[in-house]
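Numbering (the UniProt record's numbering), first residue to last: 1 to 363. First the structure, in the form of structure tokens, and then the observations on it.
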Amino acid sequence: MLRSAGVPTTDFSFVRISHILRRLYINDQAIGLFGLIEKFKDPWLRNEFADGDKDYQQGTLYQGKYTNVKAELLGDRVSDLSYYGDDPQPYTLGEYKIAEDPSSGESNYKALIELTKFLSSAPGKVDAWEAHWDMESVLRAMALEMLMGFADGYLAVADNFFVYQTAPDSTKFVFILWDIDLILGSTALVKLSQMETGDWREFASTLTKRPLMQFLNVPEYAKRFDDLIRELNDKLLSLDVLGQYIDDTVAMIQQDVAWDLSCPRVSHVPLLRSHDFAVVAHLLGLIGQTDVDILTVNDFGRRQRQNDVGLMQAVNGPTGYSSLDGVKEFIKVKHQNVKNHYNGGGKSNNDRHKSSLLDILPI
1 MLRSAGVPTT DFSFVRISHI LRRLYINDQA IGLFGLIEKF KDPWLRNEFA DGDKDYQQGT
61 LYQGKYTNVK AELLGDRVSD LSYYGDDPQP YTLGEYKIAE DPSSGESNYK ALIELTKFLS
121 SAPGKVDAWE AHWDMESVLR AMALEMLMGF ADGYLAVADN FFVYQTAPDS TKFVFILWDI
181 DLILGSTALV KLSQMETGDW REFASTLTKR PLMQFLNVPE YAKRFDDLIR ELNDKLLSLD
241 VLGQYIDDTV AMIQQDVAWD LSCPRVSHVP LLRSHDFAVV AHLLGLIGQT DVDILTVNDF
301 GRRQRQNDVG LMQAVNGPTG YSSLDGVKEF IKVKHQNVKN HYNGGGKSNN DRHKSSLLDI
361 LPI
């Protein structure tokens, strides 16, 4: 989907790994079914942005990692591209990481700081934005986050993205999505109804507070954003487009999924997970930049522990969990909600996942 939408992304590789999906064995023990994917590491940058040119001079690749205990306690910091002043220390608490060094010059947070400074007082002029961002990468990425229901991306929780400096001394950046697993109907912190909405203003209450989303103050970008959502909804997020691909993928892996279920589990869901700590932090007034729904967090924990959603149930729905749609179920609902929003055909169907107060109690 990302490649079809025209944004930078890594791929599953037939050439390098011979199969998209492999059965994994460690010390002759069957572990399960896994996918192999390129990492955002050398030589990916030169392959993606310079057609593999070995003389390509890359800039710094910064990773947004959301937050950690240190970043929260020392200032409620998350990787939302907020400006914290020129001192690099607040940016090095764990919410950001330098994933790739530049080809020349020092590896530091200076370029990221300058970028956040721009966002802190971003003017409403196209030329200023174009000097700092590849805006098509930003607009398409944000439209995709909304359409795919990216429940732990930049918009929802300020996580799972890279910003790439296009050359060692450049002021211009490309926005890159990554670690896209909580999508198409799966969520852990944010209400599923928010992921299903057809109106980007309802997608996450934090959306318009994100510094990057100030591009909406530029009329040309606001229009382009709406146009992209409509276009990608019509041409990509539709069962007419994706249905056969989903069916073919299911047919390809169905036997392997059954085999995977027969493998002994080598890891276990901990009693307290990171999402549980997120609830506690939210109740204490921390991570205020993120929507946290207690019912959703507990439902997500239950389905992790129960592990009782079959393959076809996960594909078609309903799953029986308020934090999980079937993939086709989500696509159908989301596509129609977006269509309704832009065509004036009615309100989004966001009341399908109502939980009782009993759902607060973890199993």
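The beta-carbon is built from N, C-alpha and C at its ideal position, and this holds for glycine as well.
Return the bridge partner residues of Y321 from the DSSP annotation. Counting from 1 along the sequence shown, the entry for residue 321 is found at position 321. The partner list for Y321 (beta bridge, DSSP) reads L324.
Once DSSP output is grouped into helix, strand and coil, what is the label at A99? Taking the first residue of the sequence shown as position 1, residue 99 is located at position 99. Note: A99 maps to strand in three-state DSSP.
I'd like the span of the beta strand (DSSP E) that includes A30, first residue to last. Start at 1 with the first residue of the sequence shown, and residue 30 comes out as number 30. That run of the beta strand (DSSP E) goes 29-35.
Y96 beta carbon less than 8 Å from that of K65: Indexing the sequence shown from 1 puts residue 65 at position 65. Indexing the sequence shown from 1 puts residue 96 at position 96. In contact: K65 and Y96 (Cβ atoms closer than 8 Å).
Could you tell me if S104 is buried or exposed, where buried requires 16 or more neighbouring beta carbons within 10 angstroms of its beta carbon? Here residue 104 corresponds to residue number 104 of the sequence shown, with the count starting at 1. With fewer than 16 Cβ atoms within 10 Å of its Cβ, S104 is classed as exposed.
What does a CB cutoff of less than 7 Å around Q57 pick up in its chain, not counting 5 residues either side in sequence? Sequence index remark: in the sequence shown, residue 57 carries index 57 (1-based). S103, S104, A167, P168, listed in sequence order.
Would E324 pass as a contact of V309 if the rule is Cβ separation under 8 Å? As a working mapping, residue 324 is identified with position 324 in the sequence shown. As a working mapping, residue 309 is identified with position 309 in the sequence shown. Reading off the sequence, residue 324 comes out as Leu, not Glu. For L324 and V309, yes; Cβs fall inside 8 Å.
Quick one: using the 10 Å Cβ neighbour count with 16 as the cut-off for buried, is N337 buried or exposed? Start at 1 with the first residue of the sequence shown, and residue 337 comes out as number 337. N337 should be labelled buried.
Nearest-angstrom Cβ-Cβ length linking V174 and S137, presumed shorter than 8 Å: Your numbering for residue 174 matches position 174 in the sequence shown. Your numbering for residue 137 matches position 137 in the sequence shown. Correct: roughly 5 Å between the Cβ atoms.
I need the straight-line Cα distance from A71 to A222, nearest angstrom please. Numbered from its first residue, the sequence shown carries residue 71 at position 71. Numbered from its first residue, the sequence shown carries residue 222 at position 222. The predicted position of A71 is uncertain, since its pLDDT is 48 and thus under 50; no value can be drawn from it.
Here's the rule: buried if 16 or more other CB atoms are within 10 angstroms of the residue's CB, otherwise exposed. What is E196? As a first step, residue 196 is located in the sequence shown; it is residue number 196 there, counting from the start. That one is buried.
Exposure of N307, with buried meaning 16 or more beta-carbon neighbours within 10 Å: Taking the first residue of the sequence shown as position 1, residue 307 is located at position 307. With fewer than 16 other Cβ atoms within 10 Å, it is exposed.
Does the beta-carbon distance from G317 to E329 come in below 8 Å? In the sequence shown, the residue the question calls residue 317 occupies position 317. In the sequence shown, the residue the question calls residue 329 occupies position 329. In this structure, E329 lies closer than 8 Å to G317 by Cβ.
Do you know how far the Cα of W133 is from the Cα of S4? Residue numbering aside, residue 4 sits at position 4 when the sequence shown is read from its first letter. Residue numbering aside, residue 133 sits at position 133 when the sequence shown is read from its first letter. Roughly 21 Å separates the two Cα atoms.
For Y83, which three-state DSSP category applies? Residue mapping note: residue 83 aligns to position 83 of the sequence shown, counting from 1. Looking at Y83 - three-state DSSP - the assignment turns out to be coil, as it is neither helix nor strand.
Unbroken stretches of the alpha helix (DSSP H), 4 residues or longer, contained in the region 172-239: 192-196, 200-203, 219-235
Spatial neighbours of Q254 within its chain, please: C-beta separation below 7 Å, excluding the five flanking residues on both sides. Mapped onto the sequence shown, residue 254 falls at position 254. The answer, listed in chain order, is L311.
Out of G344, I176, A258, which has the shortest C-alpha to C-alpha gap to E48? On the sequence shown, position 48 is the one that residue 48 refers to. The shortest Cα separation from E48 among G344, I176, A258 belongs to I176.
Do you know how far the Cα of W129 is from the Cα of D86? As a first step, residue 86 is located in the sequence shown; it is residue number 86 there, counting from the start. As a first step, residue 129 is located in the sequence shown; it is residue number 129 there, counting from the start. D86 and W129: Cα-Cα distance of roughly 20 Å.
Using three-state DSSP, classify L61 as helix, strand or coil. Along the sequence shown, one-based indexing puts residue 61 at 61. Three-state DSSP puts L61 in a strand.
Between the CA atoms of I113 and K191 - distance to the nearest angstrom: Reading the sequence shown from its first residue, position 191 is the one you call residue 191. Reading the sequence shown from its first residue, position 113 is the one you call residue 113. Distance between the alpha carbons of K191 and I113 is about 32 Å.
Give me the Cα-Cα distance between I229 and A151, rounded to the nearest whole angstrom. As a first step, residue 229 is located in the sequence shown; it is residue number 229 there, counting from the start. As a first step, residue 151 is located in the sequence shown; it is residue number 151 there, counting from the start. Those two C-alpha atoms are separated by around 17 Å.
Quick one: is M142 buried, meaning 16 or more other Cβ sit within 10 Å of its Cβ, or exposed? If you number the sequence shown from 1, residue 142 lands on position 142. Flag for M142 reads buried.
For N298 and L361, the rounded distance between their alpha carbons: As a first step, residue 361 must be located in the sequence shown, where it is residue number 361. As a first step, residue 298 must be located in the sequence shown, where it is residue number 298. No answer about L361 holds up, because its pLDDT of 35 lies below 50 and its placement is not dependable.
So the candidates are M135, G326, G6, P8; which of them puts its Cα closest to the Cα of S186? As a working note, residue 186 is residue 186 in the sequence shown. Of the candidates M135, G326, G6, P8, the one whose C-alpha sits nearest the C-alpha of S186 is G326.
Whole-Å CB distance - F300 paired with A204, under 8 Å assumed: As a working mapping, residue 300 is identified with position 300 in the sequence shown. As a working mapping, residue 204 is identified with position 204 in the sequence shown. Going by Cβ atoms, the distance from F300 to A204 rounds to 17 Å, so no, they are not a contact pair.
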